[in-house]
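Asks: Mind having a look at this structure? Questions to follow.
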Amino acid sequence: MSSNSIYNIKKNYYTGNYKENIDLETNDTTFYYKSLSIIDNYINNGSSDNSADLKAEYQQLIISESDNKLTTLFDKYIAIIDSGSNESILDDIDIKADILSIEEPQTVNYALTLYFKILLKNDTATVEDLFKTISQIYKTLIKDLLSSGIDTLYPYMEFTFLLGQIASFLKNWDYLEGLIEFLNDKVDISSEDEIMLSFLELVYGLSSMEKENKETGFYFVEDLVFNSSGNNLFVNLLMINLQLSNKNYEEAEQLITKIKAEEGLTQAGVFYEYFLIAQINYYLQTGDDNKEIIQSLREELTQICELNGTSHKNPYLIEQKALSESFDSITSKYL
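Okay, so the sequence shown: first residue is 14 according to our numbering, each after it adds one.
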């Protein structure tokens, strides 16, 4: 199968193998995922050696001749990531008139996903409010899809995956379970989209802690590890977390040691943040004599998040802050 087949392009993107997509030539098939790979590589792994600016890096690698809706949305997405919150960035985009009116379902799928990715990065609405809006639009799309009789090739998987991610962030496991059941029972998903369904099932399986679901998730990630080219930090992180959830501490330690020994491991980007969190969880689970190591890792995580500008979004720091505030509230009553 050629490296620029849509199956390989999607697999590269969803397994964090962004470099493969970035190196592809830009055309109608590669444009969406190549663009996202450049952006997500910047977010998750930090800037490349020859550019500290995402806008410059993007323009250097992506040259689009058409001024279409996706190009416009990508430019806005880059602007948000580069410069932070901008409340008016989507004022000239109307979901109904500019996106839902597009005739090609796959383009609607891409455009809606980008639109809400921008809103999630923008921080001008709560995740709960965005979830309500997205789920309402999704319900309308599904109703139209099922009534049209063309559900043999499900066209809204990227949007579905985004909805599932938000549901899991909100710990709305009932909704995620229903979404997975719908995808398994009501529509036929193309082979290149199966990886997104597998990731949603993995997230739900880990949340449910049911043995059968966890085993299915383990085999899925094990296959990703076996078939990944080179050392893939994202896939290795998935495996570390699965090993920890199964209390396989020796295997988790071996993976942590392997990652630390890799040449060129960068401390920039969100993936490294999650590597630090995985180490904290490992040492928390393996004994009370690891307090100094845990404290050192927490300090490093705080420093890295400050450098990445992600302190207010990192889930571990958010949880630690909430616990600290709760503790302060309790102790203040007795001091």
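Quick reminder that beta carbons are idealized off the backbone N, C-alpha and C, glycines included.
On a predicted model such as this, the values are computed, not experimentally measured, just so you know.
Quick check: Leu268 and Gln280, are their CB atoms within less than 8 Å of each other?
Replies: Not a contact, by the Cβ cut-off of 8 Å.
Asks: Would you give the residue range spanned by the alpha helix (DSSP H) that Gly177 belongs to?
Replies: Taken as a continuous stretch (DSSP letters only), the alpha helix (DSSP H) holding Gly177 covers Met170 to Phe182.
Asks: On the premise that Ile51 lies in contact with Leu74, defined as a C-beta separation below 8 Å, what is that separation, rounded to the nearest angstrom?
Replies: Yes, Leu74 and Ile51 are in contact; Cβ-Cβ is about 6 Å, under 8 Å.
Asks: In whole angstroms, what is the alpha-carbon distance linking Thr323 and Leu314?
Replies: Distance between the alpha carbons of Thr323 and Leu314 is about 10 Å.
Asks: Could you pull out every unbroken alpha helix (DSSP H) segment of at least 4 residues lying fully inside the region 33-113, listed in chain order?
Replies: Qualifying alpha helix (DSSP H) stretches, in chain order: 44-58, 67-74 and 82-96.
Asks: I'd like to check one pair, Leu310 with Ala318: are the Cβ atoms closer than 8 Å?
Replies: What sits at residue 318 in the sequence shown is Cys, not Ala. No, the Cβ-Cβ distance between Cys318 and Leu310 is not below 8 Å.
Asks: When we look at the beta-carbon of Leu159 and count the other beta-carbons within 10 Å, is it buried (16 or more) or exposed?
Replies: Exposed is the call here.
Asks: Assuming Ile272 and Phe288 form a contact by the criterion Cβ under 8 Å, report the distance between their Cβ atoms to the nearest whole angstrom.
Replies: 6 Å between Cβ atoms; contact.
Asks: Just to confirm, is the Cβ distance from Ser181 to Val216 under 8 Å?
Replies: Yes; because the gap between Cβ atoms is below 8 Å, this pair is in contact.
Asks: By the DSSP assignment, the alpha helix (DSSP H) with Asn294 in it spans what residues?
Replies: Element bounds for Asn294: Val283 to Gln298.
Asks: Which stretch, first to last residue, makes up the alpha helix (DSSP H) that contains Ala138?
Replies: Unbroken run through Ala138: none, as it is neither H nor E.
Asks: If you measure between the beta carbons of Tyr27 and Phe284, is that distance less than 8 Å?
Replies: Their beta carbons are not under 8 Å apart, which means Tyr27 does not touch Phe284 by this criterion.
Asks: Sorted by chain position, which residues of the same chain lie with C-beta nearer than 8 Å to Ser60's C-beta, five sequence neighbours on each side aside?
Replies: Within the same chain, Ser60 has close Cβ partners Asp66, Leu67, Glu70 and Ala281.
Asks: Tell me whether the beta-carbon of Ile102 lies closer than 8 Å to the beta-carbon of Asn135.
Replies: It is a contact, given that the beta carbons lie within the stated cut-off.
Asks: Do Glu286 and Asn249 have their C-beta atoms closer together than 8 Å?
Replies: No; because the gap between Cβ atoms is not below 8 Å, this pair is not in contact.
Asks: Can you tell me the Cα-Cα spacing of Phe195 and Pro118, whole angstroms?
Replies: Cα to Cα, Phe195 sits roughly 19 Å from Pro118.
Asks: Out of curiosity, what's the CA-to-CA distance linking Asn25 and Asn259?
Replies: Distance between the alpha carbons of Asn25 and Asn259 is about 27 Å.
Asks: If you check the beta carbons only, do Leu176 and Leu192 fall under 8 Å apart?
Replies: Contact flag set, yes.
Asks: Please classify Thr173 as buried or exposed, where buried requires at least 16 other C-beta atoms within 10 Å of its C-beta.
Replies: Its Cβ being crowded by 16 or more others within 10 Å, Thr173 is buried.
Asks: Excluding the five sequence neighbours on either side, which residues of its own chain have a C-beta within less than 6 Å of the C-beta of Asn57, listed in chain order?
Replies: Hits under 6 Å: Gly282, Val283 and Phe284.
Asks: Taking Cβ to Cβ, would you say Val200 is nearer than 8 Å to Tyr167?
Replies: Contact flag set, yes.
Asks: Let me check understanding here. Comparing Cα to Cα, which of Ile131, Glu100, Glu116 and Asp111 lies closest to Asp88?
Replies: Looking at the Cα atoms, Ile131 is the closest of the given residues.
Asks: If you check the beta carbons only, do Leu189 and Ile202 fall under 8 Å apart?
Replies: No, Cβ-Cβ distance for Leu189 and Ile202 is not below 8 Å.
Asks: Any beta carbon from chain B within less than 8 Å of Ile253's own beta carbon?
Replies: In summary, chain B is missing from the structure at hand, where a single protein chain is found.
Asks: Applying the 10 Å Cβ sphere with the 16-neighbour rule, what's the burial state of Glu332?
Replies: Result: exposed.
Asks: Going along the chain, which residues of its own chain have a beta-carbon closer than 6 Å to the beta-carbon of Val238, five neighbours each way excluded?
Replies: Once the five neighbours on either side are set aside, the close Cβ partners of Val238 are Val248 and Met252.
Asks: Let's test the definition: count the other Cβ atoms within 10 Å of the Cβ of Gly218 and tell me whether it reaches 16, buried, or not, exposed.
Replies: So Gly218 ends up on the buried side.
Asks: Does DSSP classify Tyr167 as helix, strand or coil?
Replies: Coil.
Asks: Give the DSSP-derived three-state secondary structure of Gln280 in the structure shown.
Replies: Correct three-state label for Gln280: coil.
Asks: Would you identify the three-state DSSP class for Ala124, choosing helix, strand or coil?
Replies: Residue state, collapsed to three classes: helix.
Asks: Candidates Glu275, Gln316 and Tyr262: which alpha carbon is nearest Ala291's?
Replies: Closest option to Ala291, Cα to Cα, is Tyr262.
Asks: Taking the straight line between their C-alpha atoms, what separation do you get for Leu113 and Lys152?
Replies: Answer to the nearest angstrom: the Cα atoms are 13 Å apart.
Asks: Taking the C-alpha atoms as reference points, what is the distance between Lys352 and Ser220?
Replies: With the chain represented from 14 up to 348, any question about residue 352 goes unanswered, as that position is not in the structure.
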